[in-house]
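J.:
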Amino acid sequence: MAESRERTFTGTRGRNTAREWPHEQPRYLAILVHGYGEHIGRYEHVADRLVRHGAAVYGLDHVGHGKSEGDRALVEDFEDVVTDVHAVEEHARAEHPGVPVVLIGHSMGGMIAARYAQRYGSGLTALVLSGPVIGEWGAVPALLAFEEPPDVPIDPSTLSRDPSVGAAYAADPLVWHGPFKRATLESFAATLETIAKGGTFGALPTLWVHGDDDQLVPLAGSRAGIEAVKGSDLTERIYPGARHEVFNEINKDEVLDDVTSFIDRALPGA
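Mapped onto my numbering, the consecutive letters of the sequence shown carry residue numbers 1079 to 1348.
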């Protein structure tokens, strides 16, 4: 695996922990944006592949996630998280001036990345959305119907057809295994509405990857969201039989091949 290092910085709501996988002369900078309840350490193999592809890779644990400060899995305003991700991009650019930036977000991180593209897309060279929470996500209204959201943690078997992925997730002490918090659900609802009204990605090259057996973030709901925001350069890859975490699926090499091929096409001079 590629060498990595951690650093901390003051985010919008306390101290955030970020991870970097360096490259001395990168062709591009990859910013990874993780999903709900997890942490950036679950993306070691993705970062390793991107480093071997020529990237310097960066990512952070969002507020309330992983090693960052905050009540666990509590996100009161995703706009603050977008701002924190932008601080990571600015740090990456300071280390490698003039190098193109690619943003890669999974699940909740796909939602954050979509909003990021609306706010800061002019500085991006490419956008990758993996199983993004965008458009219609039925879990939000279903759980908000309860005054106190029920304790229904994510079923590890829905992540991948590889049982070792779910086992590692269930045993990971940095993963949040408790219930959704009402304020977080309300923030999801507000952000999905903001994205729907926030305009398209314009000419930003965008890759959407999704498993067609994704039971956590069903394909149909995300498609509605993608249709609302896609710009003039959208590539989609839907993987038969794949579950929610396509970067951890039994065909993950195929998925990462598609990601790196897409980046190659999007980089200047391709």
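Glycine is no exception: its CB is placed at the ideal position from the N, C-alpha and C atoms.
Thinking C-alpha only, which one of Trp1099, Leu1110, Thr1313 and Val1324 is nearest aspartate 1292?
T.: Of the listed residues, the one whose Cα sits closest to aspartate 1292 is Val1324.
J.: For methionine 1186, which residues of its own chain have a beta-carbon under 6 Å away from its beta-carbon, when the five flanking residues on both sides are left out?
T.: Correct list, in chain order: Gly1113, Tyr1114 and Val1211.
J.: Should valine 1141 and aspartate 1126 be called a contact, given that it needs their Cβ atoms to be closer than 9 Å?
T.: No, these two residues do not count as a Cβ contact at 9 Å.
J.: Leaving out the 5 sequence neighbours to the left and right, which residues in its chain are closer than 6 Å to histidine 1117 when beta-carbon positions are compared?
T.: Asp1139, His1143, Gly1144 and Leu1252.
J.: Decide yes or no for the touch test of the segment 1279-1295 against the segment 1336-1347: beta carbon pairs closer than 8 Å, at least 3 of them.
T.: Yes, the segment 1279-1295 is in contact with the segment 1336-1347.
J.: Taking one C-beta from the segment 1217-1227 and one from the segment 1308-1315 each time, how about it: are there three or more such pairs within less than 8 Å?
T.: The segment 1217-1227 is not in contact with the segment 1308-1315.
J.: Can you tell me where the alpha helix (DSSP H) with threonine 1161 in it begins and where it stops?
T.: Looking at the DSSP string, the run of the alpha helix (DSSP H) that includes threonine 1161 is 1156-1173.
J.: Count the CB pairs spanning the segment 1191-1210 and the segment 1129-1136 that are closer than 8 Å, and state whether there are at least three.
T.: Segments in contact, no.
J.: Closer than 6 Å by C-beta to tryptophan 1254: which residues in its own chain qualify, once you throw out the five before and the five after it? Chain order, please.
T.: For tryptophan 1254, where only same-chain residues beyond five positions count, the Cβ hits under 6 Å are Gly1115, Arg1150 and Ala1151.
J.: Within its chain, find whatever has a CB closer than 6 Å to the CB of serine 1235; leave out the 5 residues flanking it on each side and keep chain order.
T.: Answer for serine 1235: Gly1244, listed in chain order.
J.: Hey, quick one: how far does the beta strand (DSSP E) through phenylalanine 1087 stretch, first residue to last?
T.: Segment 1083-1089, the beta strand (DSSP E) holding phenylalanine 1087.
J.: Which of helix, strand or coil does DSSP assign to serine 1310?
T.: DSSP places serine 1310 in coil when its eight states are reduced to three.
J.: Alanine 1281: which of Ala1344, Ser1082 and Glu1157 sits nearest, CA to CA?
T.: Nearest C-alpha to alanine 1281: Ala1344.
J.: Look at the alpha carbon of glycine 1183 and the alpha carbon of proline 1175, and state the distance between them as a whole number of angstroms.
T.: One C-alpha to the other measures close to 23 Å.
J.: DSSP three-state call for tyrosine 1114: helix, strand or coil?
T.: It is coil, neither helix nor strand.
J.: Measure the CB-CB distance between glutamate 1157 and threonine 1269 and report whether it falls below 9 Å.
T.: Against a cut-off of 9 Å, the Cβ pair of threonine 1269 and glutamate 1157 comes out as a contact.
J.: Could you give the distance in angstroms between the alpha-carbon of alanine 1192 and the alpha-carbon of valine 1179?
T.: Cα-Cα distance, rounded: 15 Å.
J.: Are the CB atoms of histidine 1164 and tyrosine 1198 within a distance shorter than 9 Å?
T.: In contact: tyrosine 1198 and histidine 1164 (Cβ atoms closer than 9 Å).
J.: Between the Cα of alanine 1096 and the Cα atoms of Glu1084, Glu1102 and Gly1216, which residue gives the shortest distance?
T.: Closest option to alanine 1096, Cα to Cα, is Glu1084.
J.: Following the continuous alpha helix (DSSP H) through glycine 1187, name the residue where it begins and the one where it ends.
T.: It spans 1186-1198 - the alpha helix (DSSP H) in which glycine 1187 sits, taken as one unbroken run.
J.: May I have the straight-line CA-CA distance separating leucine 1297 from glutamine 1196, to the nearest angstrom?
T.: So the alpha carbons of these two residues sit roughly 22 Å apart.
J.: Do aspartate 1290 and isoleucine 1328 have their C-beta atoms closer together than 9 Å?
T.: Going by C-beta atoms, aspartate 1290 is not nearer than 9 Å to isoleucine 1328.
J.: Please list the terminal residues of the continuous beta strand (DSSP E) segment that includes arginine 1127.
T.: Not the beta strand (DSSP E): arginine 1127 falls in the alpha helix (DSSP H), residues 1122-1130.
J.: Could you check if glycine 1256 is buried or exposed, using at least 16 other CB atoms within 10 Å of its CB as the buried criterion?
T.: By the neighbour-count rule (16 or more Cβ atoms within 10 Å), glycine 1256 is not buried but exposed.
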